[in-house]
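As given, the protein sequences belong to chains A and S, one line each in that order.
Going by the numbering used here, the first residue of the first sequence is number 231, and it counts up by one from there.
Going by the numbering used here, the first residue of the second sequence is number 234, and it counts up by one from there.
Note that CB positions come from ideal geometry on N, CA and C, so glycine has one too.
Keep in mind that this is a model prediction, so the values were computed, not measured.
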Amino acid sequence: MLGRHIVRAMKTVRTAGLAAAGKKEGGASLMTWVNSETGPKTTHFWGPIANWGFVIAGLNDTLTKEPDTISPKMTGVLCMYSALFMRFAWVISPRNYILFACHVSNECVQLNQMRRWATWRYAQDPEEDPVLQIQESGKDK
Amino acid sequence: GSLRTKLVHFWHHPAGPKTIHFWAPSWKWALVLAGIADLNRPAEDVSLPQSTALAATGVIWARYATQIIPVNYNLLAVNIFVGITGIYQLQKKIRWMQQNK
Numbered sequence: 231m232l233g234r235h236i237v238r239a240m241k242t243v244r245t246a247g248l249a250a251a252g253k254k255e256g257g258a259s260l261m262t263w264v265n266s267e268t269g270p271k272t273t274h275f276w277g278p279i280a281n282w283g284f285v286i287a288g289l290n291d292t293l294t295k296e297p298d299t300i301s302p303k304m305t306g307v308l309c310m311y312s313a314l315f316m317r318f319a320w321v322i323s324p325r326n327y328i329l330f331a332c333h334v335s336n337e338c339v340q341l342n343q344m345r346r347w348a349t350w351r352y353a354q355d356p357e358e359d360p361v362l363q364i365q366e367s368g369k370d371k
Numbered sequence: 234g235s236l237r238t239k240l241v242h243f244w245h246h247p248a249g250p251k252t253i254h255f256w257a258p259s260w261k262w263a264l265v266l267a268g269i270a271d272l273n274r275p276a277e278d279v280s281l282p283q284s285t286a287l288a289a290t291g292v293i294w295a296r297y298a299t300q301i302i303p304v305n306y307n308l309l310a311v312n313i314f315v316g317i318t319g320i321y322q323l324q325k326k327i328r329w330m331q332q333n334k
């Protein structure tokens, strides 16, 4: 509540100052964004920013963790999750580009994690590698 | 308002099962189930960044669900659970890290 009063006071001072100096609202584009309905004063901004935590966590795991610690269930679910939410972010009103970018990135990160896990998993027991099975059965023909 | 009328209304709803507004938040429940399935994994395998991210996103989006119009109770509920499982895994990992310094 106090914040709102502070912001209003700052706006008044700024407008008055600019008018006194005979200047127009030149730096309007930054303040326009700051005050917009999807700007940093709203949950439409901070929710997606929080979701980038997923992406950073995923990248960290990709670069520092061994594939045997990857959970295929969670990774698979996250692949589907980001695929759905990419579309969601695109069609909601207002369209949320930060959320969209976040889920596109997370999709890439999670698919790569899935690849890392699957490569490790089938290196453990080549008998169970489905790709190898197909190749083997192809050779007999 | 018979059951049939309600089902037809639900099917054609702008946020109903023909739309992403339904499926995207509903799929988030799979995230909760995957999280619950992962609860049995040993603490050393728990990803500290991932559980922190899940805990934070759960809490933030739970609040978000109460601030939008109309309030989305499905989204609120699912994010509360995401937050709880994330926080549980996080504290499990932190305790393990304390014990294994």
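Asked	Found
For residue 244 of chain A and residue 281 of chain S, the rounded distance between their alpha carbons	45 Å
Cα-Cα separation, residue 248 of chain S to residue 278 of chain A	21 Å
Neighbouring residues, chain S, relative to residue 311 of chain A (Cβ below 9 Å)	257, 260, 261, 263 and 264
Reference residue 295 of chain A; option with closest CA among A:343, A:304 and A:280	A:343
Beta-carbon gap between residue 283 of chain A and residue 257 of chain S smaller than 8 Å	no
Cβ of residue 334 of chain A within 8 Å of any chain S Cβ	no
The segment 287-313 of chain S: positions lying closer than 7 Å to chain A by Cβ	289, 290, 293, 294, 297 and 300
Counted within 10 angstroms of its Cβ, other Cβ atoms place residue 252 of chain A as buried (16 or more) or exposed	Bear in mind that the predicted position of residue 252 of chain A carries a pLDDT of just 46, short of 50, making it unreliable; the figure below should be weighed with that in mind. Exposed.
Exposed unless 16 or more other CB atoms sit within 10 angstroms - verdict on residue 264 of chain A	exposed
Meets three-Cβ-pair contact criterion under 8 Å: the segment 269-278 of chain A and the segment 294-311 of chain S	yes
Where residue 296 of chain A sits in the DSSP three-state scheme	coil
Residues from the segment 271-282 of chain S in contact with chain A, defined by Cβ distance under 9 Å	271, 274, 277, 278, 279, 280, 281 and 282
The segment 337-352 of chain A in contact with the segment 291-305 of chain A per 3-pair CB rule at 8 Å	yes
Proximity winner among S:251, S:292 and S:253, relative to residue 312 of chain S (alpha-carbon distances)	S:292
Extent of the continuous alpha helix (DSSP H) to which residue 326 of chain S belongs	306-332
Segments of 4+ residues assigned as alpha helix (DSSP H) that fall wholly inside the segment 256-280 of chain A	258-264
Residue 346 of chain A in three-state terms, based on DSSP	helix
Range covered by the alpha helix (DSSP H) that runs through residue 319 of chain A	302-321
Own chain, CB closer than 8 Å to residue 324 of chain A, minus 5 neighbours either side, in chain order	267, 268 and 274
Limits of the alpha helix (DSSP H) - the one that residue 175 of chain S falls within	The structure shown does not extend to residue 175 of chain S, since chain S is modelled only from 234 through 334, so no value can be given for it.
Residue of S:289, S:262, S:238 and S:333 minimising C-alpha distance to residue 310 of chain A	S:262
Chain A within 8 Å of residue 248 of chain S, Cβ atoms only	no
Proximity winner among A:339, A:328 and A:271, relative to residue 286 of chain A (alpha-carbon distances)	A:339
Short CB-CB distance (under 8 Å) between residue 307 of chain A and chain S	yes
Beta-carbon spacing of residue 253 of chain S, residue 351 of chain A below 8 Å	no
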